[in-house]
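Remarks on the structure that follows.
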Amino acid sequence: MRALILDMYGVIMKDPEAGFIPFVNRTFPDLRLDDIYLYWDKADAGEISSLDFLREIGIKGDLGKTEKEFLDTVEINESFYEFAPILKQQFHLALLSNDISEWSRYIRSKYKLNEYFDVITVSGDVKVRKPDPEIFLLTVGKLGLPASHCIYVDDRRSNLSAAQALGMDTILFNTRNVPYDGKTVNSFKELAEMLIHTY
215 MRALILDMYG
225 VIMKDPEAGF
235 IPFVNRTFPD
245 LRLDDIYLYW
255 DKADAGEISS
265 LDFLREIGIK
275 GDLGKTEKEF
285 LDTVEINESF
295 YEFAPILKQQ
305 FHLALLSNDI
315 SEWSRYIRSK
325 YKLNEYFDVI
335 TVSGDVKVRK
345 PDPEIFLLTV
355 GKLGLPASHC
365 IYVDDRRSNL
375 SAAQALGMDT
385 ILFNTRNVPY
395 DGKTVNSFKE
405 LAEMLIHTY
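All residue numbers for the sequence shown refer to the working numbering, where the first residue is 215 and numbers rise by one.
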């Protein structure tokens, strides 16, 4: 069997960035994006905790409550539940996500995602972020397959390029509506149809 490696946000989950920035700016309208991403990237890389991230950008009070309020706004692509069992019949499934460890655990538990995957790699846990080749190699190593037997699906072209450089086949999940010369799908239905007919 080949492995299908899925990105989390922009594929399985709707992209949280579109919700988090307005969420923060309601309280801090003058907070610069660069300041938010400086600490977000550190949390994604496991350098600081999720609550430290919120604290660093200036949020005060009950940080755990604020964090949960935001995370509960993040929505899943409901069609994942329909097509994941179909894909799992033909592929080993892996999750590869740039995410804060605590956020990933909460979202995966809330939506019962862990049961669908043979392998889960989260940047905050392994302390390296996509598109660094190391995080792809860690995932491939846990699958026990060569990169050439893996298909990687992401909504960001830079991550697809990194996977391609290691020998993976790649598919753009084009929720961002960007131009792309390679294989592209816009839904899990299209992804399943492409994979079942191609592999």
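By construction, the Cβ of each residue, glycine as well, lies at the ideal position given by its N, Cα and C atoms.
Treat the numbers as computed from the prediction; the structure is a model and nothing was measured.
May I ask which residues mark the beginning and end of the alpha helix (DSSP H) holding residue i?
| i | result |
| --- | --- |
| residue 374 | 371-379 |
| residue 269 | 264-270 |
| residue 387 | Residue 387 -> not in any alpha helix (DSSP H); beta strand (DSSP E) instead, spanning 383-387. |
| residue 295 | 293-302 |
| residue 354 | 347-357 |
Closest by CA to residue i, which one among the options?
| i | options | result |
| --- | --- | --- |
| residue 297 | 228, 330, 278 and 267 | 330 |
| residue 221 | 284, 392, 310 and 399 | 310 |
| residue 406 | 304, 357, 374 and 315 | 304 |
| residue 371 | 359, 397 and 268 | 397 |
Excluding the 5 residues flanking residue i on each side, which residues of the same chain have their C-beta closer than 6 Å to its C-beta?
| i | result |
| --- | --- |
| residue 362 | 381 |
Which residues in the same chain have their Cβ closer than 8 Å to the Cβ of residue i, if we skip the five residues on either side of it in sequence?
| i | result |
| --- | --- |
| residue 342 | 259, 348, 349 and 352 |
For residue i and residue j, what's the separation of their Cα atoms in angstroms?
| i | j | result |
| --- | --- | --- |
| residue 263 | residue 276 | 15 Å |
| residue 266 | residue 291 | 29 Å |
| residue 294 | residue 226 | 6 Å |
| residue 241 | residue 234 | 12 Å |
| residue 306 | residue 327 | 14 Å |
| residue 413 | residue 344 | 26 Å |
| residue 367 | residue 252 | 26 Å |
Mind reading off the beta-carbon distance from residue i to residue j? Whole number of angstroms is fine, and I expect it under 8 Å.
| i | j | result |
| --- | --- | --- |
| residue 357 | residue 364 | 7 Å |
| residue 224 | residue 346 | That pair is no contact at about 18 Å. |
Starting from the C-beta of residue i, find all residues in its chain whose C-beta is less than 7 Å away, skip the five residues before and the five after it, and write them out in chain order.
| i | result |
| --- | --- |
| residue 239 | 245 |
| residue 317 | 264 and 285 |
Grab the span of the beta strand (DSSP E) containing residue i for me, first residue to last.
| i | result |
| --- | --- |
| residue 311 | 305-311 |
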